[in-house]
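**Student:** Per my numbering, the very first residue in the sequence shown carries number 361; after that it's consecutive.
My questions will all concern the structure given below.
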Amino acid sequence: MSGAALGLEIVFVFFLALFLLHRYGDFKKQHRLVIIATLLAWYLCFLIVFILPLDVSTTIYNRCKLAVNSSPAESNGSYVTLAPSKQKCFKPWSYIPNGIMPIFWRVVYWTSQFLTWILLPFMQSYARSGGFSITGKIKTALIENAIYYGTYLLIFGAFLIYVAVNPNFNLQWNQLQTIGIAAANTWGLFLLVLLLGYGLVEIPRSHWNGAKRGYLLMKTYFKAAKLMTEKADAEENLEDIMEEVRKVSESIKYNHPLRKCVDTILKKCPTEYQERMGRNMDDYEDFDERQNSYPSEKSLVKLHKQVIYSVQRHRRTQVQWQILLEQAFYLEDVAKNETSATRQFVHTFRSQEPENKIIQYFYTPTIEWYWECLLRPWFYRVLAVVLATFSVIVVWSECTFFSTKPVLSLFAVFIQLAEKTYNYIYIEMACFLTIFFLSICVYSTVFRIRVFNYYYLASHHQTDAYSLLFSGMLFCRLTPPLCLNFLGLTHMDATISHRNTQPTAYTSIMGSMRVLTFIADGFYIYYPMLVVILCIATYFSLGTRCLNLLGFQQFMGDSEMTSDLIDEGKELIKREKRKRQRQEEGENRRREWKERYGNRDDSTRNRVVHTDQKESSFSETNINRSLSKYTRSNGRTERDRIELLQDAEPLDFNADLINDDPLELDSGRYQPGGRYLSMSQSEIFDDV
């Protein structure tokens, strides 16, 4: 089994990163380099989290073997004997041979640092650039990153001057490498504690609230009101941008030098806008026949960038709106089925996606009722209690991990107890659960946070390239300090435990942090204690209250604005529910009509045609002319009858007769005033 566990985890983590990236990214529409760079960044960060427990168990075995093979004189020198001289060390099942882990960590660590500090920032600017050529995009990316790279060079120069001026240090390559690692880890630890303090409280609380059906439904109504506002704003922004594109397309004709740039912009526009602009285009008019002021290439680059952003935002809000509707309908169905006497789950609407027959066979309506209405709330409550217990242990250990005599960190106590018996499976499971919980608290916060519309990880393939690359940067910067913090909590880091023992292969590539004593003995020790203050602030929702006071609408139960948005969202959900019910009723009537009268109409039409063919008293020419005329008339009548049946739909007298609310307008035929007129078959009588 030597090295087999390492190989299995490498393969498993790759598919895990690929699955998550497929959920948030779009492999078909986004550039391959963006997908590859983001996948590599996520993969390396997840790999560090999964492989580090194997490094810990291998290090404990090496310590035992070294202590057994060493004499008492040697054990009092370089290494401390951890077991009696006659103690036999058992090799762990996941043992990794010597020499593999140091090389592995160097490759993984320095590759992730190259991605986060050099490649990914450059690709971010390249992806958001509106240039029409590769050279233009590269030039824009270099200009935008000049300040970015200059800032980090200034910070590194400050550390370098500090070490050079201090007479106690001699500048060597290893020390310069340690200074760079310390600077990166310091920045990462600063952000790590902020995200960890939020996740330690919010994750257990979100699972506890997940057991409250009324709470989730009210929050969904609140999200619906906010999302509808964002959706309307995205549509209005897209209309304004498309109007500018139309003016540019009409002014720059086919033989203008910048026409290729305009064609590139048109390809990024939605299909309906492309068709509309194509109909209004006059290709026979030369650009130099009219004395117009033509836009410059720089303005076209800016317009191209705006088109990419507005189209992506519009598409994302449309998809999110449909997902939120499904979630609201599901929560309303759960609330209705809780009082069901038959104990069978009944859905208001059929699923729009084809269901798996195997899942449909085992997941019957009865089982679904017991799970959704009875078992799932209790499961979420138990899970919330377990997660809250882990959070308390993490907060206690973060505040006491620097104490070695006595050992107060609970994670260090668990690992040292297992180390005495050399129970490697327990050691690996304890290490994996610890670092996995820390990673969930940090990474889930990265997936939840939203910086206006510049950074936002949206599921169902709606995340743009800029946000994907930015998430890769955050993961690469947060993972190394997260692992060092984990090793400190378990006292596997010699800098924290103050034991002269063999270090792990991961800490060996970090170098000795004693080069910068104020960071090793000060910042790394006392700064993680701030997680207590952050947890208290998150528990009382201080950040949410501050954002609400600044005008950013947040979900707060005791706020009047929240109540108004909940009522607005409830009305929006009711409106969409009535609309979908009318659509399903219309489809059911059309299907019943076809099943009942479809065959009868076909037989009648064939019988009439057969009778007409027997009338051969006219000449052959007149017969063909009259027959073709009759057939066309009969076909037109049949088509009219079918279209009339398809368009027929009952009026909803509970809905508004005059649709003046722009939030209810669907995408359809465009009117000059910036409004839409729905022309779908199921809503032809809505404006009556």
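Backbone N, C-alpha and C fix where the C-beta goes; we use that ideal spot for every residue, glycine too.
Under the rule that 16 or more other beta-carbon atoms within 10 Å means buried, what is Gly363, buried or exposed?
**Tutor:** Numbered from 1 along the sequence shown, position 3 holds the residue referred to as residue 363. Exposed, by the Cβ-count rule.
**Student:** To the nearest angstrom, how far is it from the Cα of Glu758 to the Cα of Tyr899?
**Tutor:** On the sequence shown, residue 758 is found 398 positions in, with the first residue counted as 1. On the sequence shown, residue 899 is found 539 positions in, with the first residue counted as 1. Going from the Cα of Glu758 to the Cα of Tyr899 covers about 18 Å.
**Student:** Is there contact between the stretch 477-484 and the stretch 801-819, where contact requires at least three CB pairs shorter than 8 Å?
**Tutor:** no
**Student:** With 16 as the cutoff for other CB atoms within 10 Å, does Ser765 come out buried or exposed?
**Tutor:** Within the sequence shown, residue 765 is the residue found at index 405, counting from 1. As written in the sequence, residue 765 is Lys, which differs from the Ser given in the question. Counting Cβ neighbours within 10 Å, Lys765 comes out exposed, since fewer than 16 surround it.
**Student:** In whole angstroms, what is the alpha-carbon distance linking Gly459 and Leu577?
**Tutor:** Position 99 of the sequence shown, counted from the first residue, corresponds to residue 459. Position 217 of the sequence shown, counted from the first residue, corresponds to residue 577. Taking the straight line joining both Cα atoms gives about 55 Å.
**Student:** Cβ atoms of Cys895 and Leu560: under 8 Å apart, would you say?
**Tutor:** Within the sequence shown, the letter at position 200 stands for residue 560. Within the sequence shown, the letter at position 535 stands for residue 895. In contact: Leu560 and Cys895 (Cβ atoms closer than 8 Å).
**Student:** Roughly how many whole angstroms lie between the Cα atoms of Asn569 and Phe689?
**Tutor:** Within the sequence shown, residue 569 is the residue found at index 209, counting from 1. Within the sequence shown, residue 689 is the residue found at index 329, counting from 1. Their Cα atoms are separated by approximately 19 Å.
**Student:** If I'm right that Tyr455 touches Thr419 with Cβ under 8 Å, what's the distance once you round it to whole angstroms?
**Tutor:** Indexing the sequence shown from 1 puts residue 455 at position 95. Indexing the sequence shown from 1 puts residue 419 at position 59. With a Cβ gap of about 11 Å, Tyr455 and Thr419 do not count as contacting.
**Student:** Suppose contacts are defined by Cβ-Cβ distances below 8 Å. Is Ala487 in contact with Val394 by that definition?
**Tutor:** Counting from one through the sequence shown, the residue named residue 487 turns up at place 127. Counting from one through the sequence shown, the residue named residue 394 turns up at place 34. For Ala487 and Val394, yes; Cβs fall inside 8 Å.
**Student:** Return yes when the C-beta of Val755 is under 7 Å from any heavy atom of the ligand HEM, and no when it is not.
**Tutor:** You won't find the ligand HEM in this model; it holds no ligand whatsoever.
**Student:** Assuming Thr677 and Ala544 form a contact by the criterion Cβ under 8 Å, report the distance between their Cβ atoms to the nearest whole angstrom.
**Tutor:** The count along the sequence shown starts at 1 and reaches residue 677 at position 317. The count along the sequence shown starts at 1 and reaches residue 544 at position 184. So it is not a contact: roughly 36 Å between Cβ atoms.
**Student:** How many angstroms separate the CA atom of Leu552 from the CA atom of Gly882?
**Tutor:** Within the sequence shown, residue 552 is the residue found at index 192, counting from 1. Within the sequence shown, residue 882 is the residue found at index 522, counting from 1. Rounded to the nearest whole angstrom, the C-alpha separation of Leu552 and Gly882 is 17 Å.
**Student:** Tell me Arg949's beta-bridge partners as DSSP assigns them.
**Tutor:** Your numbering for residue 949 matches position 589 in the sequence shown. BP columns for Arg949 are empty, so no partner.
**Student:** Quick check on DSSP: helix, strand or coil for Arg810?
**Tutor:** On the sequence shown, residue 810 is found 450 positions in, with the first residue counted as 1. In this structure, Arg810 counts as strand in the three-state DSSP scheme.
**Student:** Going by CA-CA distance only, name the one from Ser819, Arg423, Lys937 and Tyr740 that's closest to Arg675.
**Tutor:** Here residue 675 corresponds to residue number 315 of the sequence shown, with the count starting at 1. When only C-alpha atoms are compared, the closest one is Ser819.
**Student:** On the DSSP bridge assignment, give the partners of Tyr816 in chain order.
**Tutor:** If you number the sequence shown from 1, residue 816 lands on position 456. Beta-bridge pairing links Tyr816 to Arg810.
**Student:** Out of Tyr884, Leu910 and Phe372, which one is the CA nearest neighbour of Phe406?
**Tutor:** Counted from its first residue, the sequence shown places residue 406 at position 46. Ranking Tyr884, Leu910 and Phe372 by Cα distance to Phe406 puts Phe372 first.
**Student:** Taking the CB atoms as reference points, tell me whether Leu847 and Gly548 lie closer together than 8 Å.
**Tutor:** Reading the sequence shown from its first residue, position 487 is the one you call residue 847. Reading the sequence shown from its first residue, position 188 is the one you call residue 548. Going by C-beta atoms, Leu847 is not nearer than 8 Å to Gly548.
**Student:** Could you have a look at Phe372 and say whether DSSP puts it in helix, strand or coil?
**Tutor:** Translated into the one-based positions of the sequence shown, residue 372 becomes position 12. It is helical.
**Student:** Who are the Cβ neighbours of Ala772 in its own chain at under 6 Å, not counting the five residues just before and after it?
**Tutor:** What you label residue 772 is simply residue 412 of the sequence shown in a count that begins at 1. Contacts found: Thr850 and His851.
**Student:** Assuming Ile625 contacts His664 (C-beta within less than 8 Å), just tell me the rounded distance between them.
**Tutor:** As a working note, residue 625 is residue 265 in the sequence shown. As a working note, residue 664 is residue 304 in the sequence shown. That belief holds up - the Cβ atoms of Ile625 and His664 are roughly 5 Å apart, short of 8 Å.
**Student:** Kindly give me the distance between the Cβ atoms of Ser489 and Asn505, rounded to whole angstroms, as I take these residues to be in contact under 8 Å.
**Tutor:** For the purposes of this step, residue 489 is taken as residue 129 along the sequence shown, with counting starting at 1. For the purposes of this step, residue 505 is taken as residue 145 along the sequence shown, with counting starting at 1. About 11 Å separates the beta carbon of Ser489 from that of Asn505, a gap too long to meet the 8 Å contact definition.
**Student:** So, helix, strand or coil for Asn716, using DSSP?
**Tutor:** Numbered from 1 along the sequence shown, position 356 holds the residue referred to as residue 716. Look at Asn716 here: in three-state DSSP terms it is coil, with no helix or strand label.
**Student:** Which of the three DSSP states is assigned to Asn534 in this structure?
**Tutor:** For the purposes of this step, residue 534 is taken as the residue at position 174 of the sequence shown. Looking at Asn534 - three-state DSSP - the assignment turns out to be helix.
**Student:** Closest by CA to Tyr633, which one among Lys658, Leu660, Val802 and Val671?
**Tutor:** As a working mapping, residue 633 is identified with position 273 in the sequence shown. Answer by Cα proximity: Val671.
**Student:** Which term fits Lys1109, buried or exposed, when burial requires 16 or more other beta carbons within 10 angstroms of its beta carbon?
**Tutor:** Examination of residue 1109 is not possible in this model, given that the chain is present from 361 through 1048 alone.
**Student:** Ser823 and Gly540 look like a contact to me (Cβ under 8 Å); what is the Cβ gap, rounded to whole Å?
**Tutor:** If you number the sequence shown from 1, residue 823 lands on position 463. If you number the sequence shown from 1, residue 540 lands on position 180. First, the residue type needs correcting, since residue 823 is Thr and not Ser in the sequence shown. Contact flag wrong, Cβ pair sits at about 31 Å.
**Student:** State the Cα-Cα distance for the pair Asn597 and Arg710, rounded to the nearest angstrom.
**Tutor:** Locating residue 597 in the sequence shown gives position 237, where the first residue counts as 1. Locating residue 710 in the sequence shown gives position 350, where the first residue counts as 1. Straight-line Cα distance between these residues: approximately 34 Å.
**Student:** Below 8 Å on the Cβ atoms is my guess for Ser751 versus Phe761; work out the distance and round it to an integer in Å.
**Tutor:** Here residue 751 is taken as the residue at index 391 of the sequence shown, counted from 1. Here residue 761 is taken as the residue at index 401 of the sequence shown, counted from 1. Their Cβ separation, rounded to whole angstroms, is 16 Å, which puts Ser751 and Phe761 out of contact at 8 Å.
**Student:** Alpha helix (DSSP H) containing Cys836: first to last residue?
**Tutor:** Stepping through the sequence shown from its first residue, residue 836 is reached at position 476. Unbroken alpha helix (DSSP H) run through Cys836: Ala825 to Leu849.
**Student:** At the level of alpha carbons, what is the spacing between His391 and Met588?
**Tutor:** As a position in the sequence shown, residue 391 is number 31, starting the count at 1. As a position in the sequence shown, residue 588 is number 228, starting the count at 1. Their Cα atoms are separated by approximately 30 Å.
**Student:** Check whether the stretch 720-730 touches the stretch 692-707, taking contact to mean three or more Cβ pairs, one atom from each stretch, closer than 8 Å.
**Tutor:** yes
**Student:** Does the count of Cβ pairs from the stretch 861-869 and the stretch 463-470 closer than 8 Å reach three?
**Tutor:** yes
**Student:** In three-state DSSP terms, what is Tyr558?
**Tutor:** Within the sequence shown, residue 558 is the residue found at index 198, counting from 1. Per DSSP, reduced to three states, the secondary structure at Tyr558 is helical.
**Student:** Take Met889 and list the residues in its own chain whose beta-carbon comes closer than 7 Å to its own, dropping the five residues that flank it on each side.
**Tutor:** For this step, residue 889 is matched to residue 529 along the sequence shown. Excluding sequence neighbours, Met889 sits near Glu758 and Cys759.
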